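From first to last, the protein sequence lines stand for chains A and B. Per the numbering used here, residue 144 is the first one in the first sequence, and the count goes up by one each step. Per the numbering used here, residue 552 is the first one in the second sequence, and the count goes up by one each step. Here is the structure we will look at, set down as structure tokens.
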Amino acid sequence: MSILINDNTIAICQGFTGSQATMHCEQAINYGTNIVGGVTPGKSGENHLDRPVFGSVEEAIEVTNANTTIIFVPARFCKDSINEALDAGIKLIIVITEGIPTLDMLSLKTKADMLEAVIIGPNCPGLITPGSCKLGIMPADIHMKGKIGIVSRSGTLTYEAVDQTTKIGLGQSSCVGIGGDPIPGSSFIDILKLFESDAETEGIVMVGEIGGSAEEEAAAYIKENVTKPVVAYIAGVSAPAGKRMGHAGAIISGGKGTAKEKYLALEDAGVTTVKSPALIGVSILDLLNS
Amino acid sequence: MNLHEHQAKTLFKSYSLPTSNFFVAEKYEQAKELARKLNVSKWVVKAQVHAGGRGKAGGVEIVDNLDDVEAFAKKWLGKNLITYQTDKEGQPVSSILIEECTEILSEFYLGVVVDRSSKSIVVMASPQGGVNIEEVAEKTPENIYKASVKIDQGPSKDDALSLAKGLNLNKNQTEQFIKIFKNLTKLFIEKDLALVEINPLVIDENQNLKCLDGKISVDSNALFRQEDMKSLRDTSQEELRELKASEWDLNYVSLDGEIGCMVNGAGLAMATMDIIEISGGFPANFLDVGGGVNQKSVAEAFKIILSDDNVKVILINIFGGIVKCDVVAEGIISAVKEVGVNIPIVVRLKGNNADVAQSMLTDSELNIVFDSDLSNAAEKAVELSR
Numbered sequence: 144m145s146i147l148i149n150d151n152t153i154a155i156c157q158g159f160t161g162s163q164a165t166m167h168c169e170q171a172i173n174y175g176t177n178i179v180g181g182v183t184p185g186k187s188g189e190n191h192l193d194r195p196v197f198g199s200v201e202e203a204i205e206v207t208n209a210n211t212t213i214i215f216v217p218a219r220f221c222k223d224s225i226n227e228a229l230d231a232g233i234k235l236i237i238v239i240t241e242g243i244p245t246l247d248m249l250s251l252k253t254k255a256d257m258l259e260a261v262i263i264g265p266n267c268p269g270l271i272t273p274g275s276c277k278l279g280i281m282p283a284d285i286h287m288k289g290k291i292g293i294v295s296r297s298g299t300l301t302y303e304a305v306d307q308t309t310k311i312g313l314g315q316s317s318c319v320g321i322g323g324d325p326i327p328g329s330s331f332i333d334i335l336k337l338f339e340s341d342a343e344t345e346g347i348v349m350v351g352e353i354g355g356s357a358e359e360e361a362a363a364y365i366k367e368n369v370t371k372p373v374v375a376y377i378a379g380v381s382a383p384a385g386k387r388m389g390h391a392g393a394i395i396s397g398g399k400g401t402a403k404e405k406y407l408a409l410e411d412a413g414v415t416t417v418k419s420p421a422l423i424g425v426s427i428l429d430l431l432n433s
Numbered sequence: 552m553n554l555h556e557h558q559a560k561t562l563f564k565s566y567s568l569p570t571s572n573f574f575v576a577e578k579y580e581q582a583k584e585l586a587r588k589l590n591v592s593k594w595v596v597k598a599q600v601h602a603g604g605r606g607k608a609g610g611v612e613i614v615d616n617l618d619d620v621e622a623f624a625k626k627w628l629g630k631n632l633i634t635y636q637t638d639k640e641g642q643p644v645s646s647i648l649i650e651e652c653t654e655i656l657s658e659f660y661l662g663v664v665v666d667r668s669s670k671s672i673v674v675m676a677s678p679q680g681g682v683n684i685e686e687v688a689e690k691t692p693e694n695i696y697k698a699s700v701k702i703d704q705g706p707s708k709d710d711a712l713s714l715a716k717g718l719n720l721n722k723n724q725t726e727q728f729i730k731i732f733k734n735l736t737k738l739f740i741e742k743d744l745a746l747v748e749i750n751p752l753v754i755d756e757n758q759n760l761k762c763l764d765g766k767i768s769v770d771s772n773a774l775f776r777q778e779d780m781k782s783l784r785d786t787s788q789e790e791l792r793e794l795k796a797s798e799w800d801l802n803y804v805s806l807d808g809e810i811g812c813m814v815n816g817a818g819l820a821m822a823t824m825d826i827i828e829i830s831g832g833f834p835a836n837f838l839d840v841g842g843g844v845n846q847k848s849v850a851e852a853f854k855i856i857l858s859d860d861n862v863k864v865i866l867i868n869i870f871g872g873i874v875k876c877d878v879v880a881e882g883i884i885s886a887v888k889e890v891g892v893n894i895p896i897v898v899r900l901k902g903n904n905a906d907v908a909q910s911m912l913t914d915s916e917l918n919i920v921f922d923s924d925l926s927n928a929a930e931k932a933v934e935l936s937r
């Protein structure tokens, strides 16, 4: 078991022949991920990484039966690419691309919900089920098959959590980067729900950051619905108000979205919080042992 | 990306939102003539900077003779306006808005934002206008009325009516409000805005609604398709080092401390600042050098960090994932030599080939301290900053 991706995943890549896509798909294939081809308009019929290139997602599905897509298309074309994947009936869409306009995500999210499709990202490192399937830009070798589910708004902080849970011997069931944008395709709650019902996941690490209220909403959800131990870290206690901290979504505006509020909400929900990201691994180990 | 008030009001006009008549003076010699052309006897003159709090800082005045219009323009043009929202340098005033003075009967707040929770565009109105809306939200949230606009459905008349009711408008004003509501959301969607605020929206002496101030922020991610918005960017309003960083695709935010930070990833960059504070120090900046760390980006990052005189030590925190640590270490060593860094550097590298990187840095005989543990590295940086 795991969440979202596993040995049954049949993936294509949109923007397949670009340099980033090529590098990361090659690594994913070497990891054992079942990437069966890709889509680059105008390059239909070519071969790339020993796999067929298709002109459209629809065509790719017809030939390969793909059920998942990972998108590396530049931001200005990304809305069309995601729409194309949704229209073709893909139910899991992973968007690595950074810089998609917020209003595009508003309409895409509405459409995805209607079609009961899942979007992960944008502006995210993707997801991995260690030992089985990697669809993202994370370094494979820090992961270890195991029992911790990790969900995070930040890429490199996910790697920190992965590294610590590997070194401590717990490993990961699946790791999901939901991305740093204001309107993510999937929220903490969507992923927490999946981890809660995943038999392989024994504990959950949640990495949030300043901006918005997704962590507070997650806290309320955890209080009512999550029985597994959760450790949370929120980045940006020291961040000034009104300044965007790298991620489009990481901004304290109108006094709202501070790390302090998020910590309070999570603690109130019974979540174990850590103030330093260096303590994520030991905290979840302690919690599982207690 | 933020706009000036006069740019916002010009946009308002093109979307048929009622504003006062105004002119913009860029030289004080123009001020009198432009004021005269408005053909009124009382003017509001406003220094144009992006920051809020202009009124309290003396950047807004009501005047009733042409000499005073000129005097105001002469006083501010070419100077910096310092408000509670700016740093101690303030922001340069390169234009003055001169508009006819409106007699105000009532003041409201009207704003549009993207609401993350409901995943919709939310229009907010409050009968408490002209004041800090965050305070209203804090103290009397019942005085804020909200309407959600679904992006695929557009604004509805019912939503406009419910807000108009909250503002206690008469029949004629309600009609005007419905139009404002419709056109404002149209503007928001068509121009890819992140925020628009009209504070205050007023009832004037003729019982009509009018937008007396305008604040607009454009979604920076959408500038590729908003050429006209992009052309309105005024880089003179931006912090110098932040501007320089943006030219190299580095995410930099200037802070007050002594420890310069260089990190890959926005989340880890924030976390690094947090750990510095936990260790008793203060970060001088947020800096995300991005995923593809190389010598060029590291060298530019060094230059930007070092241009801040407060910086006494630099803490580099890189999680080598796709980029191997030895490659990063090589980039750091070359960049240090190229730029000529003469303050101590603490490096924390984690991930692929970290051990190779450690020996490279130690053998380099540069003023570099290596520690693979994040907490230890932060503590060392704090010690060196004292």
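Even glycine gets a Cβ: it sits at the ideal position worked out from N, Cα and C. The structure presented is a predicted model; accordingly, all values stated were derived computationally and were not measured.
Check	Outcome
The region 393-408 of chain A in contact with the region 342-350 of chain A per 3-pair CB rule at 8 Å	no
C-beta neighbour in chain B for A:A361, strict 7 Å	no
Beta-carbon proximity check, A:I377 vs A:G351, cutoff 7 Å	yes
C-alpha distance - B:V644 paired with A:L246, whole-angstrom precision	32 Å
Same chain only: Cβ atoms within 6 Å of B:L617, ignoring 5 sequence neighbours per side	K583 and A586
Spatially closest choice to B:K597 from B:K588, B:E881 and B:G610, by CA coordinates	B:G610
Best match in B:K708, B:E650 and B:I896 for proximity to B:N868 [C-alpha to C-alpha]	B:I896
Closer than 7 Å to chain A by CB, B:L804	Correcting the residue identity first, residue 804 of chain B is Val in this sequence and not Leu. Cβ-Cβ to chain A under 7 Å: yes for B:V804.
Touching by the beta-carbon criterion (3+ pairs, under 8 Å), the region 872-883 of chain B and the region 837-852 of chain B	yes
Status (buried if at least 16 other CB within 10 Å, exposed otherwise) for B:D924	exposed
Below-7 Å beta-carbon distance, B:F775 vs any chain A residue	yes
heavy atom of the ligand MG below 6 Å from B:S567 C-beta	Absence of the ligand MG is noted for the structure shown, with no ligands found whatsoever.
Cut-off 7 Å between Cβ atoms - residues of its own chain near A:K310, not counting five sequence neighbours on either side	G424
As assigned by DSSP and simplified to three states, the class of A:H191	strand
Min CB distance B:D743 to chain A below 7 Å	yes
Per-residue DSSP class, three states only, for A:I394	coil
A:I263 - containing beta strand (DSSP E), residue span	V261 to I263
Exposure of A:Y302, with buried meaning 16 or more beta-carbon neighbours within 10 Å	buried
Buried/exposed call for A:P282, threshold 16 Cβ in 10 Å	buried
Beta carbon proximity, A:L229 to chain B, threshold 7 Å	no
Neighbour-count burial assignment, A:M166, 16 or more Cβ in a 10 Å radius	exposed
Segments of 4+ residues assigned as alpha helix (DSSP H) that fall wholly inside the region 632-719 of chain B	684-690 and 708-717
Whether B:I810 touches B:V864 by CB criterion (7 Å)	yes
With 16 other Cβ atoms within 10 Å as the buried cut-off, status of B:L794	exposed
4-residue-minimum alpha helix (DSSP H) runs that sit fully inside the region 859-899 of chain B, ordered along the chain	876-890
Three or more C-beta pairs below 8 Å linking the region 913-922 of chain B and the region 848-855 of chain B	no
Per-residue contacts from A:S381 into chain C (C-beta, under 7 Å)	Within the model displayed, chain C is absent; protein chains A and B are what it includes.
Reference B:K708; option with closest CA among B:N694, B:T725 and B:E693	B:T725
Under 9 Å (Cβ pairs) to chain B, residues found in the region 289-313 of chain A	S295, R296, S297, G298, T299, L300, T301, Y302, E303 and D306
Beta-bridge pairing of B:P834 - partner residues as DSSP gives them	B:I810
Whole-number beta carbon distance between A:I233 and A:T207, since they are thought to touch under 8 Å	With a Cβ gap of about 12 Å, A:T207 and A:I233 do not count as contacting.
Any C-beta of chain B under 7 Å from that of A:T176	no
B:L695 versus B:M821: straight-line alpha-carbon distance, rounded	The amino acid at residue 695 of chain B is misidentified as Leu; the sequence shows Ile. So the alpha carbons of these two residues sit roughly 33 Å apart.
Cβ of A:T416 within 7 Å of any chain B Cβ	no
Rounded separation between B:S948 and B:A576 - CA only	Within the shown structure, residues of chain B are numbered from 552 to 937, placing residue 948 of chain B beyond reach of any answer.
A:E241 in three-state terms, based on DSSP	coil
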